[in-house]
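As structure tokens, the structure follows; a few thoughts come after it.
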Amino acid sequence: MICDICPRNCGADRSVSAGYCRSGETIKVARAAPHYWEEPCISGEKGSGTVFFSGCNLGCVFCQNGDISHDCFGKEVSDTQLMKIFDALIEKGVHNLNLVTPSHYAVRLAGILEQYDSPVPVVYNTSAYEKAETLKRLEGLVDIYLPDIKYYDSDVSLKYSGAPDYFKYALSAVKEMMRQVGNIKLDENGLAVKGVLIRHLVLPGNILQTRKVFDAVADNFGTDTYVSLMRQYVPCCKARNMPPIDRPLSGKEYMIAKKYVLSLGIENCYFQQKNSASDDFIPDFNLEGVDNL
Ligand code: SF4
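In my numbering, the protein residues as written are 430 to 722.
This is the structure:
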């Protein structure tokens, strides 16, 4: 069947060959394990039950998960096996099931989630390069959306992700997410149970993108929107040879970004410490939680 579920519209017949996202029909997973370095309302004390999918429909030059997103390392799993992966994470006591880079499997995942009655919230952790009509298929199945709005300007999204139409799609995708689940709602323990938390990774030498993204967030979704200003950038993959993103973010740049977000009156913002920019926080993609099915 010809695939057009994401803005790439690459038209691949995924039963025969992989699409732009490097993915065929069968879901591939590289790691499934509790993760403790998401925002506090997502990780809590017991961790977020992350499931890292192989392949990606955006393909950023700086991806810190390049082994799985670009090189597509991982193991193919059946729908039943994926549900067993979910069960094993829940048995470990995680606060939620966190589907990381799920966009290119969105329709397949919708079918699985229709059959799987999760006792914990389901998190959809995405680059935001999504079609709103595809997200509609997830309505009632996803509890929490974590869209990372990466850029505003077309020339920047073209240079770093080969996607000049990135922001147009990201904005309409987040509008659809907001329509489905609204702003973040926390339980009595401060854990997210439902809603949208908008992330933004600050890129070195690209503070203008940060300003424009948060202007758009405030204009479109209001200043009570939950946001997360991420400081964890480390140069990876092709970015090691692409100034200005060939270096870590400076402390000064992050402070400028933080001040700007606060100046807009955005109230609910997670900030990261300086030590979050480290290779140590990049998960080990070793099929943990996947190869023992
Ligand atoms: S999900 Fe993959 S195969 Fe489908 S349109 Fe997007 S890039 Fe192409």
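Where a beta carbon is used, it is the ideal one built from N, C-alpha and C, also for glycine.
**OP:** Return the CA-CA distance between K521 and P672, expressed in angstroms with no decimal places.
**Re:** 42 Å
Original post:
Cα separation between E559 and L722?
Top reply: 30 Å
**OP:** Report the option in L658, L575, V642, P463 whose CA atom is closest to the CA atom of A557.
**Re:** L575
**OP:** Taking only the alpha-carbon atoms, compute the straight-line gap between L626 and F700 and give it to the nearest angstrom.
**Re:** 13 Å
Original post:
Just to check, is the beta-carbon of Q438 closer than 7 Å to a non-hydrogen atom of the ligand SF4?
Top reply: The question names Gln, but residue 438 in the sequence shown is Asn. For the ligand SF4, at least one heavy atom lies less than 7 Å from the Cβ of N438.
Original post:
Among the residues of its own chain, which have a CB less than 6 Å from the CB of L487, if the five just before and after it don't count?
Top reply: S556, Y558, S590
Original post:
From D577, C470, T530, pick the residue whose C-alpha is nearest to that of K623; which is it?
Top reply: C470
**OP:** Could you give the DSSP three-state label for I573: helix, strand or coil?
**Re:** strand
Subject >> Buried versus exposed call for S416 [16 or more other C-beta atoms within 10 Å across all chains shown] >> reply: The requested residue 416 is not part of the displayed model; the chain covers only 430 to 722.
**OP:** Could you say which of Y689, W466, G453, D648 lies nearest to T639 if we only look at CA atoms?
**Re:** Y689
**OP:** Express the C-alpha separation of V529 and A645 in angstroms, rounding to a whole number.
**Re:** 24 Å
Original post:
What does a CB cutoff of less than 7 Å around L587 pick up in its chain, not counting 5 residues either side in sequence?
Top reply: P593
Subject >> Residue of H533, E454, K614 minimising C-alpha distance to F481 >> reply: H533
Original post:
For K597, which residues from the same chain have a beta carbon less than 7 Å from its beta carbon, with the 5 sequence-adjacent residues on both sides left out?
Top reply: none
Original post:
If we count Cβ pairs, one from each stretch, closer than 8 Å, do we get three or more for the stretch 501–514 versus the stretch 658–671?
Top reply: no
**OP:** For R437, name the three-state secondary structure that DSSP assigns.
**Re:** coil
Original post:
In whole angstroms, what separates the C-alpha of S657 from that of R628?
Top reply: 5 Å
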